[in-house]
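Note that the UniProt record's numbering has the sequence shown beginning at 1, numbered continuously upward.
Notes to accompany the following structure.
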Amino acid sequence: MFLKALGRPMIVVSSVDAAYDLMKKKGAIFSDRPTAPVADMIGWGKALSLLLYGQPQFVKQRRLMQEHLGSSAIRSYDKIVVNRVQKFLHRLWLQPDEFCQDIHGLVASIIVEVAYGYSISGNPAGDKFITENERAARLTSLCGNIGFTTMDIFPSLRYVPACVPGMGLKRKMLEARDAVRTALTLPFEWAKSKKVSGINMPSIIHTLLDEYDDLREMSYEDEMDLKIFAGTVYNGGTDTTRTAITMFFLMMVLNRDVQKHAQNEIDSIVGLDRLPLPEDRPSLPYIDCILKEVLRIHPPAPLGLAHASTKTHEYRGWSIPARSMIIPNIWHMMKDANTFPDPEKFDPDRYVVRGDTAADDPISPVFGFGRRACPGKAFADSIMWTTMANVLAAYDILPSRDPVTGDDVYPVPEFESGLI
């Protein structure tokens, strides 16, 4: 689908083949991002997900992400993930009605410990670092979808004073900027102070701080780079991962046969004396199938993040102008009946082929395309799998009961508009 919005060319790509043709095979042309002045003004302009392709900052951050969140690196975080998942199971036992809040706390506590070395001892929902990051995320969302706001379309509006009538967006942006600055600074300064005091808190930030001989003489630019990097690790994975885990609970309630199948597999392979561990994953293929199907039927980011073309390109007889915005319609791709027969049905068995997973793997499109694919996908995948396997091993996930009739009350899936 091609359209223009105020002169800006936009192409919505709903085919996996076309998405790979453009954003992977022609990645040198289609790996840029649309310019987003609002992101700069709020404080997220140097986040990896929004940096223009090929900038030195992009290359540096991408390399750091691969070093610290790649498939080989994430095994060093298994202990943290398992520990936090087990605490999550305990909280489910104590307060099952608060599971949505506790899912958020689970994901946030894992990422903040991996990124900064900060271990949350109590309820994650009340932790200062978590609440400040949530405040920053909430205020950022009030500014609209970055890249699509009036100020992104008309960049000159950034120079209009916030006090001018009609500049409510800018007032929101200034409030969001202060919140983002606080959210990025608090955990970083905590980690830095521990390092200066000689207290080793294993984490990504502590490893990066090892490169500096005297932390008190770090330049402002170096500090900002590390703050943004760690903040991107946290904010880039928290909402999408918790959304997928929440969808897992919903799908298990609505598909009890799938739940029972998975529990039987866990009981037969792992036994009843312990909980599943990451090293059990190769022996529990059906949990992988459930994870894939959760991501397929309700992709956490249904429209992904927009790419932009750096020059005019001819594709299948069409001319794609330079600086076109390329929007991957991941939701539609995951509902393609040619690839996924009966696409509205939750069916993990569609991936079971002679004991292996099928070639039609939705995880790749769900996490993005080409050189802009999510660099933290292996880490998010590990968190989701460990959580799903442990929950299925420990609990039956059942619908609520009507207090009067005693009948099961099944939830009806409803979604709000938004990026996630």
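Ideal Cβ positions, reconstructed from N, Cα and C, are used throughout, including at glycine.
- A direct Cα-to-Cα measurement between T240 and E221 gives close to 29 Å.
- I320 is bridged by DSSP to H313.
- The DSSP-derived three-state label of R33 is coil.
- Boundaries of the alpha helix (DSSP H) harbouring P187: 168–196, taken from the DSSP string.
- Distance from the Cα of E175 is smallest, within the candidate group D21, L139, F88, F188, for L139.
- Where P9 is concerned, there is no enclosing alpha helix (DSSP H), although the beta strand (DSSP E) around it starts and stops at 8–13.
- Judged by their CB atoms, H104 and R242 are nearer to each other than the 9 Å cut-off.
- Restricting attention to A394, V38, P34, S119, the CA atom closest to the CA of K170 is found in V38.
- Here V107 really is in contact with I383; their C-beta atoms are around 6 Å apart, less than 8 Å.
- Setting aside the 5 residues that flank it on each side, M252 is surrounded in the same chain by Q259, I397, each with a C-beta closer than 6 Å to its C-beta; the list follows chain order.
- Under the 10 Å beta carbon count, I42 is surrounded by 16 or more other beta carbons and is classified as buried.
- When beta bridges are read from the DSSP output, D408 appears opposite R401.
- Per DSSP, M247 lies in no beta strand (DSSP E) segment; the continuous alpha helix (DSSP H) that holds it begins and ends at 220–254.
- Relative to the Cα of L94, the nearest Cα in the group Y118, N123, G70 belongs to N123.
- The three-state reading of DSSP puts A262 in helix, counting H, G and I together.
- A residue is called buried once 16 or more other Cβ atoms fall within 10 Å of its Cβ, and E113 is buried on that count.
- Under DSSP, the beta-bridge partners assigned to A308 are D32, M325.
- The beta carbon of I120 sits closer than 6 Å to those of S109, D127, all from its chain and outside the five residues before and after it, given in chain order.
- One Cα belongs to I287, the other to A115, and the distance between them is close to 27 Å.
- Scanning its chain for C-beta atoms nearer than 6 Å, with the 5 sequence neighbours on each side dropped, one finds around P9 the residues P321, S324, in chain order.
- Residue state for V114 is assigned as helix, using DSSP reduced to three classes.
- Across the structure, M201 and K195 are spaced so that their CA atoms are roughly 8 Å apart.
- Ranked by Cα distance from F346, the first of N235, R91, M247 is M247.
- L277 sits away from T387, with the two beta carbons spaced by 9 Å or more.
- In this model, L284 and E265 are separated by some 7 Å (Cα to Cα).
- Distance from the Cα of Y410 is smallest, within the candidate group C100, F249, P161, for F249.
- In its chain, beyond the 5 residues on either side, P37, V38, M41, L157, R158, L169, K170, M173 have a beta carbon closer than 8 Å to the beta carbon of M151.
- The way I'd put it, the region 178–195 doesn't touch the region 47–63; fewer than three beta-carbon pairs between them come closer than 8 Å.
- Of all alpha-carbon atoms in R401, D408, A136, V160, the one lying nearest the alpha-carbon of D178 is that of A136.
- Between I29 and I327, the C-beta gap is not smaller than 9 Å, which leaves the two residues out of contact.
- By the CB criterion at 9 Å, I74 and A378 fall inside the cutoff.
- Judged by beta-carbon spacing, P282 lies beyond the 9 Å limit of V366, meaning their Cβ atoms are not closer than that value.
- Rounded to the nearest whole angstrom, the CA to CA distance from Y20 to R296 is 17 Å.
- Under the three-state reduction of DSSP output, K25 falls in the helix class.
- Relative to the Cα of L22, the nearest Cα in the group T405, F369, R181 belongs to F369.
- Inclusion of L275 and Q61 in the CB contact set at 9 Å is not warranted, their separation being larger than that value.
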